[in-house]
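Trainee: What follows is a single structure, and I will ask about it in a moment.
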Amino acid sequence: MKRTILLVLAVVALPLVGFGPVADATGAAACTISGTMTFTAASVEASQGAWAIDPAVISCQGLYNGYERILGPGTFSGAGTYAAFPPGGGSCLHHLGTGTVDYTVLTSASDVHLVEPHAYTLLGPTGTFESPSLRGSFQVMAPYDGDCVTKPVTKALFVAQAVLTRFYPEDPTNRLPKPER
116 MKRTILLVLA
126 VVALPLVGFG
136 PVADATGAAA
146 CTISGTMTFT
156 AASVEASQGA
166 WAIDPAVISC
176 QGLYNGYERI
186 LGPGTFSGAG
196 TYAAFPPGGG
206 SCLHHLGTGT
216 VDYTVLTSAS
226 DVHLVEPHAY
236 TLLGPTGTFE
246 SPSLRGSFQV
256 MAPYDGDCVT
266 KPVTKALFVA
276 QAVLTRFYPE
286 DPTNRLPKPE
296 R
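Numbering (my numbering), first residue to last: 116 to 296.
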């Protein structure tokens, strides 16, 4: 009896599905990002400095604009500043960083280019990051240029796992093509 009622409701509701409002979600994907991260301290004793990511690759699996398949690897770069915490507190890989990331996601309809504000927290070799569209975790790994004992780490490989989620209305700080309706 319950199955018959559900089937009747589904058949009655099916024609109405096409008349509903278009969802504002523009993308959802699981991503990996890998590349080189460089740290430049203001001085040897400095607790502040600059970071940069370049070159790097972002590779996502998912959909964009609700129907465009994400096709493969795109470019990823970023730059900004960091502050070590606690000041003078041991490991040279304890940072709070902010800046901007610039990346391209290739889809079956177009190349989506995003430029977004970015923040990260790094505690030893692992950390978390977020931007308006990307959230995830990352690891800084050998080979390091530096050792945190005799000289600070200035360059390392990194690997990140992230979730890409985009919604309209679009963020005015991003360049994102609006889908045709």
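We put the CB at the ideal spot given by N, CA and C, even for glycine. Here the structure is a predicted model, which means the values were calculated and not measured.
So, at 6 angstroms on beta carbons, what are the nonlocal neighbours of Thr243 in its own chain, with the 5 sequence-adjacent residues on each side left out?
Mentor: Correct list, in chain order: Thr236 and Ser252.
Trainee: Which whole-angstrom value describes the C-beta separation of Thr215 and Asp226, a residue pair presumed to lie in contact below a C-beta threshold of 8 angstroms?
Mentor: 19 angstroms between Cβ atoms; not a contact.
Trainee: What's the call for Arg250, buried or exposed, on a 16-neighbour Cβ count within 10 Å?
Mentor: It counts as exposed.
Trainee: Is it true that the CB of Ala171 sits closer than 7 angstroms to the CB of Gly164?
Mentor: no
Trainee: For Thr155, tell me which candidate among Cys146, Ala167, Ala145 and Ile148 has the shortest Cα-Cα distance.
Mentor: Ala167
Trainee: Taking the straight line between their C-alpha atoms, what separation do you get for Ala140 and Thr265?
Mentor: Residue placement at Ala140 is flagged as unreliable, the pLDDT there being 49, under the threshold of 50; a coordinate-derived value is accordingly withheld.
Trainee: For a minimum of 3 consecutive residues, which ranges assigned as the beta strand (DSSP E) are wholly contained in the stretch 226-259?
Mentor: 226-238 and 241-245
Trainee: Is Val274 buried or exposed, if buried means 16 or more other CB atoms sit within 10 Å of its CB?
Mentor: exposed
Trainee: Using alpha carbons as the reference points, say which of Gly189, Ser192 and His210 lies closest to Ala199.
Mentor: The candidate whose alpha carbon is nearest that of Ala199 is His210.
Trainee: Leaving out five residues before and five after Asp260 in sequence, what residues of the same chain have Cβ atoms less than 6 angstroms from its Cβ?
Mentor: Thr269 and Lys270
Trainee: Which two residues bound the contiguous beta strand (DSSP E) that contains Asp217?
Mentor: His209 to Thr222
Trainee: Beta strand (DSSP E) containing Pro170: first to last residue?
Mentor: Gln163 to Tyr179
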